[in-house]
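Just so we're aligned, residue 5 is where the sequence shown starts under our numbering, counting upward by one.
Yeah, the Cβ is synthetic: ideal placement off N, Cα and C, and Gly gets one too.
Notes for the one structure printed next.
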Amino acid sequence: MDQDLTDFTKCLQILQKKIEKNSLQIDVIVTLGGLGGRFDQTMASVETLFHATNITPFPVIVIQECSLIYLLQPGKHKLHVDTGLEGAWCGLIPIGNSCESVTTTGLRWNLTNQVLKFGTLVSTSNTYDDSGIVTIETDKPLLWTMAIKR
């Protein structure tokens, strides 16, 4: 195995092989842990989400205690935030590159063709309106993060 890859990335590779070998029917891969403790390890988990797009066709979600992260790919996304499991906050973080055009609906502070990049704007500490649905359109990969209830 490649030592340039994290254990999390290697686990996804192994998991995808098992899914294929056993013809398993799944919708999403949920990972518990990976966002607590050392900051470099948290960033390694985020980096694995970038690798995941080349490893598996399934969405990969990371959950730790009261936080969830998911890497949105370029395009339009519709998130249902009316399950009762959502916490109060959410955010959109441009990781790896700037996002030149981000548009949202369903948030308290929506974005309209907004540039998100470090040193300019990062959308943190947002919350939801009462619609129960958040839509996000992005031109580059964009990290969605949200609070979840324990």
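Neighbourhood of residue i by C-beta distance below 7 Å, restricted to the same chain and skipping five residues each side
{"i": "Q20", "result": "I59, T60"}
{"i": "G37", "result": "Q68"}
{"i": "T108", "result": "N114, L115, V138, T139, I140"}
{"i": "L75", "result": "L53, F54, P145, L147"}
Given residue i as reference, the closest of the options once Cα atoms are compared
{"i": "N130", "options": "G79, F43, T149, D86", "result": "T149"}
{"i": "L115", "options": "L39, L75, T142, I137", "result": "T142"}
{"i": "D86", "options": "G110, E104, L147", "result": "G110"}
{"i": "I30", "options": "Q118, T10, V64, M47", "result": "V64"}
{"i": "G136", "options": "G123, R112, K153, M47", "result": "R112"}
Close beta carbons around residue i, own chain, < 6 Å, minus the five adjacent residues each side
{"i": "K121", "result": "P98, S102"}
{"i": "C17", "result": "Looking at the sequence shown, residue 17 is not Cys but Gln. Cβ within range, chain order: I59."}
{"i": "K153", "result": "L89, G91"}
Inter-residue Cα distance where the pair is residue i and residue j
{"i": "S127", "j": "L96", "result": "5 Å"}
{"i": "F12", "j": "T52", "result": "7 Å"}
{"i": "G100", "j": "P145", "result": "8 Å"}
{"i": "A151", "j": "L89", "result": "9 Å"}
{"i": "I140", "j": "L83", "result": "8 Å"}
{"i": "G40", "j": "S49", "result": "10 Å"}
{"i": "Q45", "j": "A92", "result": "25 Å"}
{"i": "V138", "j": "N117", "result": "15 Å"}
{"i": "L9", "j": "G79", "result": "27 Å"}
{"i": "C94", "j": "Y132", "result": "8 Å"}
{"i": "D134", "j": "H81", "result": "18 Å"}
Environment of residue i [buried if 16+ CB atoms lie within 10 Å]
{"i": "C70", "result": "exposed"}
{"i": "I73", "result": "buried"}
{"i": "T35", "result": "buried"}
{"i": "V32", "result": "exposed"}
is_contact[residue i, chain C] using C-beta, thresh 7 Å
{"i": "T142", "result": "Absent from the structure: chain C. Only one protein chain is present."}
Cβ neighbours of residue i in the same chain (closer than 8 Å, five flanking residues each side left out)
{"i": "V119", "result": "S102, C103, E104, S105, V106, L125"}
{"i": "K22", "result": "L28"}
Three or more C-beta pairs closer than 8 Å, one from the segment 37-57 and one from the segment 22-29: is that the case here?
Touching, no.
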